[in-house]
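Visitor:
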Amino acid sequence: MTDTKRDILVTSALPYANGPIHLGHLLGYIQTDIWVRYQRMRGGQCYYVCADDTHGTPIMLKAQDEGISPEQLIDRIGKEHIADFSDFAVEFDNYYTTHSDENRYFSELIYKNLDAGGHIARRTIRQAYDPVKKMFLPDRFIRGECPRCGTPDQYGDSCEACGATYAPTELKNPRSVVSGATPVEKESEHLFFRLTDFEDMLRQWTQGEHLQVEVRNKLKEWFDAGLRDWDISRDTPYFGFSIPGEVDKYFYVWLDAPIGYMASFKNFCDRQGLDFDAYWGRDAHTELYHFVGKDILQFHTLFWPAVLDGSGFRKPTTVFCHGFLTVNGQKMSKSRGTFVTARTYLDYLAPEYLRYYFATKLNSRVEDLDLNLEDFVQRVNSDLVGKFVNIASRCAGFISKHFDGQLAASLSEPELYQHFVQAGDSIAQHFEMREYSRAMREIMELADQANQFINEKQPWVIAKQNSQSAELQQVCSTGINLFRVLATYLAPVVPQLALRIEQMLGVPIGQPGAWASLREPLLEHGIGRFSHLLQRVEAAKIDAIIKASKDTAEGTGQLEQDPLSKEIEYSDFAKVDLRVARIEHADYVKGADKLLQLTLDLGGENRTVFAGIKSAYAPDELCGRLTVVVANLAPRKMRFGVSEGMILAAGAGDKDIWLLSPDSGAQPGMRIK
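And the structure:
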């Protein structure tokens, strides 16, 4: 794969300006930064821009709680974000804010163009209104009982217990999160973007090579369900841009947020003298890539390309989507100390460790990535320290001590060096396709070969026999050259380590052109003395990060109740009557996403129970199966009927839900003690 001249603009999803950057955020930015650095090393002109997402009701309310203006809040958070990104070596060409003159200009221009094209509609809608705060409430600022299953304290748009979606007006016993008051309904005229005007274009665009296969399949579901026009306005009070020609109306934050990509790049162009239209104009021939998480997929693959197309701008070349971060197989948790901010991590560990570990797990698919802390320690210590850095530590000392830092005029194994260089084509292809885990695997296989070469040549034995021998200089020079090749391949992933290696070797490692320079080995070249490039990760540092994260959550009152952390007395558990039951009948529940209706035989007594196991079992698979039921649980009235107990199951969820083994020998009605 040869170096090519490409003109590329890359963006990452905009972090919201109401809190710190955490490890979940960093997954997306590190993935993007690696790709950008690779493109630059290969000779491409690759710009990388981003900005803080600064508008919306949450920003307004948080500023009120702190007794400061929204502008003061976003200014403080913006500085913190920039420091975190910088210290993690996420290198933007421009990091900006959506609360800018450029963003206001493009938001108004795009809106006016859409309106002139007939793509804006007006409708009167009824919304939840807080009579105390005198403001309309977003769905997430209303909580109440789920209208489907009755679970209390659910958001106004979806239930975390049964998975149902609904309108906020359907909630039972709703309350405003802002004031605690009961919301009332109130009418207001809103502006809608006619997404349906662009259905034909979107069907064609989304099924091209612009999206990953999983994303294209997901979009088919949304098309089949029917596209809906998009409410792009919000009522006062609201922190954002007012809509031209309207009274007390503001652009919804999700309209002007992606426009922040354009605004940040425009700000950069004005300072650098670049042609903005060459990257955003409708006829632009440059490449435009967005890296986003799967939670904002709909905005970037439906609304955003339609807005761009309808307002006279180009659409993205590709939208790359990634999954979420879990820690030790579970959602990040404040109570477990696994909700780790970027700054807390940096207080204890170097950024190279996390960047490398993410790279070993990342691929081009829309998959969640698990940060297994034990594996993290072992992988980093084994790969980066034990394999990679070890190559330099085993060879550089001999060059400095016995040859005044001068590499030999020839290599002892030139064929091995060429093998390493030729492997760069495959590794480059993996970087290009965002298959970082494959790239890291191939690089570490080469590192194993380099260490094997050193083991076979035994430079320490040669040095004892003749410390000035040409063989010793050639062997160690070969080892240093193999190390340089691997350092170049790893540079997009660990750029700070690459800088330290540059200082030692005296040649570019992570700079443009460095990849191509590998064609020729370093011969008769002076290198600096070896110093410790990277320390091993200590498990105690991981423990300290977990503790610090717990302490921070407790200190800020943000410690969520973790069901695993709350102890109960034995007397409480003894009250639970667990019995074996046979499933006599099972059926689907109309209108329920996860529930099945089960008729249970508890040894002469029948019970009806609703169970959320639809993802794992079809009704006809359950008849005759045994399960465990909480027999003395009070009946609960649900939308679909009365549930007279609760069955117990194990597993990770989705299709992994396990009941009792059919051949367990248990009998219906048997009590479990």
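Numbering (the working numbering), first residue to last: 1 to 673.
Just so you know, even glycine gets a beta-carbon here, dropped at the ideal spot from N, CA and C.
When DSSP builds the beta bridges, which residues end up paired with Met201?
Guide: Taking the first residue of the sequence shown as 1, we reach residue 201 at position 201. As far as DSSP is concerned, Met201 takes part in no beta bridge.
Visitor: Under 7 Å from any heavy atom of the ligand NAD, does the C-beta of Phe141 make it?
Guide: Within the structure as shown, the ligand NAD is missing, as the structure has no ligands at all.
Visitor: Distance check for Val389 and Asp93, CA to CA, integer angstroms please.
Guide: Here residue 93 refers to the residue found at position 93 when the sequence shown is read from its first residue. Here residue 389 refers to the residue found at position 389 when the sequence shown is read from its first residue. Their Cα atoms are separated by approximately 30 Å.
Visitor: With DSSP as the reference, please indicate the residues paired to Ala581 in a beta bridge.
Guide: Numbered from its first residue, the sequence shown carries residue 581 at position 581. Per DSSP, Thr627.
Visitor: With a CB to CB cut of under 8 Å and the five nearest residues on each side skipped, what residues in its chain are close to Glu471?
Guide: Here residue 471 refers to the residue found at position 471 when the sequence shown is read from its first residue. Counting only Cβ-Cβ distances below 8 Å, and skipping sequence neighbours, we find Ser412, Ile462.
Visitor: Which ranges would you report for the alpha helix (DSSP H) in the region 441 to 492 if only whole runs of at least 4 residues count?
Guide: The region 441 to 492 contains these whole alpha helix (DSSP H) runs: 459 to 465, 470 to 490.
Visitor: From Leu600, Glu189, Ile509, pick the residue whose C-alpha is nearest to that of Val485; which is it?
Guide: In the sequence shown, counting from the first residue as 1, residue 485 sits at position 485. Of Leu600, Glu189, Ile509, the residue nearest in Cα terms is Ile509.
Visitor: What are the start and end residues of the alpha helix (DSSP H) that includes Ile399?
Guide: Residue numbering aside, residue 399 sits at position 399 when the sequence shown is read from its first letter. Per DSSP, Ile399 belongs to the alpha helix (DSSP H) from 390 to 403.
Visitor: Going by DSSP, name the residue or residues bridged to Phe136.
Guide: Residue numbering aside, residue 136 sits at position 136 when the sequence shown is read from its first letter. Tyr129, per the DSSP bridge assignment.
Visitor: Are Leu407 and Glu221 closer than 8 Å when you measure CB to CB?
Guide: For the purposes of this step, residue 407 is taken as residue 407 along the sequence shown, with counting starting at 1. For the purposes of this step, residue 221 is taken as residue 221 along the sequence shown, with counting starting at 1. No, the pair does not count as a contact, with Cβ atoms beyond the cut-off.
Visitor: Compare the C-alpha of Ile454 against each of Cys623, Leu362, Gln468, Ile480 and name the closest.
Guide: Residue 454 sits at position 454 when you count from the first residue of the sequence shown. Ile454 has its Cα closest to that of Ile480, out of Cys623, Leu362, Gln468, Ile480.
Visitor: Does the separation of the CB atoms of Val366 and Cys321 fall below 8 Å?
Guide: Mapped onto the sequence shown, residue 366 falls at position 366. Mapped onto the sequence shown, residue 321 falls at position 321. Going by C-beta atoms, Val366 is nearer than 8 Å to Cys321.
Visitor: Can you tell me whether Trp304 is buried or exposed? The criterion is at least 16 other CB atoms within 10 Å of its CB, across all chains shown.
Guide: As a working mapping, residue 304 is identified with position 304 in the sequence shown. When all chains shown are included, Trp304 counts as buried.
Visitor: Say whether the region 59 to 79 touches the region 542 to 554, bearing in mind that this needs 3 or more beta-carbon pairs closer than 8 Å, one atom from each stretch.
Guide: With the cut-off at 8 Å, the region 59 to 79 and the region 542 to 554 do not touch.
Visitor: Using DSSP's beta-bridge definition, name the partner residues of Trp230.
Guide: Position 230 of the sequence shown, counted from the start, is the residue given in the question as residue 230. Its beta-bridge partners are Phe193.
Visitor: Locate the alpha helix (DSSP H) running through Cys269, then write down its first and last residues.
Guide: As a position in the sequence shown, residue 269 is number 269, starting the count at 1. Note, Cys269: alpha helix (DSSP H), 253 to 272.
Visitor: Let me know the secondary structure DSSP gives Pro414 once reduced to three states.
Guide: Counting from 1 along the sequence shown, the entry for residue 414 is found at position 414. Reduced to three states, the DSSP call for Pro414 is helix.
Visitor: Assuming contact is defined by CB atoms lying nearer than 8 Å, are Val685 and Phe141 in contact in what I supplied?
Guide: Absent from the model: residue 685. The displayed extent of the chain is 1 to 673, so no value can be given.
Visitor: Which residue's Cα is closest to the Cα of Ile82: Pro70, Gly506, Ala51?
Guide: By 1-based counting over the sequence shown, the position of residue 82 is 82. Nearest option by C-alpha distance: Ala51.
Visitor: If the criterion is Cβ atoms closer than 8 Å, does the pair Asp235 and Asp248 meet it?
Guide: In the sequence shown, the residue the question calls residue 235 occupies position 235. In the sequence shown, the residue the question calls residue 248 occupies position 248. Yes, these two residues count as a Cβ contact at 8 Å.
Visitor: Let's see if you can read the secondary structure: which residues bound the beta strand (DSSP E) around Gln64?
Guide: To locate residue 64, count along the sequence shown from 1; it is residue 64. First-last for Gln64: 57 to 66, but that is the alpha helix (DSSP H), not the beta strand (DSSP E).
Visitor: Roughly how many angstroms lie between the CA atoms of Asn683 and Arg379, to the nearest whole one?
Guide: Only positions 1 to 673 of the chain appear in the structure, and residue 683 is not among them; the question remains open.
Visitor: Sort out for me which residues DSSP pairs Val319 with in a bridge.
Guide: Indexing the sequence shown from 1 puts residue 319 at position 319. Its beta-bridge partners are His290.
Visitor: Looking at C-alpha atoms only, which residue of Leu446, Pro495, Pro635 is the closest neighbour of Arg40?
Guide: Walking along the sequence shown from the start, residue 40 turns up at place 40. Residue Pro495 is the option with its Cα nearest to Arg40.
Visitor: Taking its Cβ as the centre, do 16 or more other Cβ atoms sit within 10 Å of Lys5, making it buried, or is it exposed?
Guide: Along the sequence shown, read from residue 1 onward, the residue named residue 5 stands at position 5. Exposed.
Visitor: Let me make sure I understand the geometry here. Which of Lys541, Arg175, Leu297 has the alpha-carbon closest to that of Ala350?
Guide: Sequence index remark: in the sequence shown, residue 350 carries index 350 (1-based). Nearest C-alpha to Ala350: Lys541.
Visitor: How big is the Cα-Cα spacing for Lys62 and Phe192?
Guide: Reading the sequence shown from its first residue, position 62 is the one you call residue 62. Reading the sequence shown from its first residue, position 192 is the one you call residue 192. Distance between the alpha carbons of Lys62 and Phe192 is about 27 Å.
Visitor: Expressed to the nearest angstrom, what Euclidean distance is found between the alpha-carbon atoms of Ser382 and Ala447?
Guide: Taking the first residue of the sequence shown as 1, we reach residue 382 at position 382. Taking the first residue of the sequence shown as 1, we reach residue 447 at position 447. So the two alpha carbons sit approximately 11 Å from each other.
Visitor: How far does the beta strand (DSSP E) with Lys387 in it extend, from its first residue to its last?
Guide: As a first step, residue 387 must be located in the sequence shown, where it is residue number 387. First-last for Lys387: undefined, no H or E at that position.
Visitor: How close, in whole Å, do the beta carbons of Thr318 and His210 come, if the pair is a contact with beta carbons under 8 Å?
Guide: Position 318 of the sequence shown, counted from the first residue, corresponds to residue 318. Position 210 of the sequence shown, counted from the first residue, corresponds to residue 210. Their Cβ separation, rounded to whole angstroms, is 5 Å, which keeps Thr318 and His210 in contact under 8 Å.
Visitor: Name the residue from Phe530, Ile296, Ala409, Gly19 whose alpha carbon lies nearest to the alpha carbon of Ser400.
Guide: Counting from one through the sequence shown, the residue named residue 400 turns up at place 400. Per the Cα distances, Phe530.
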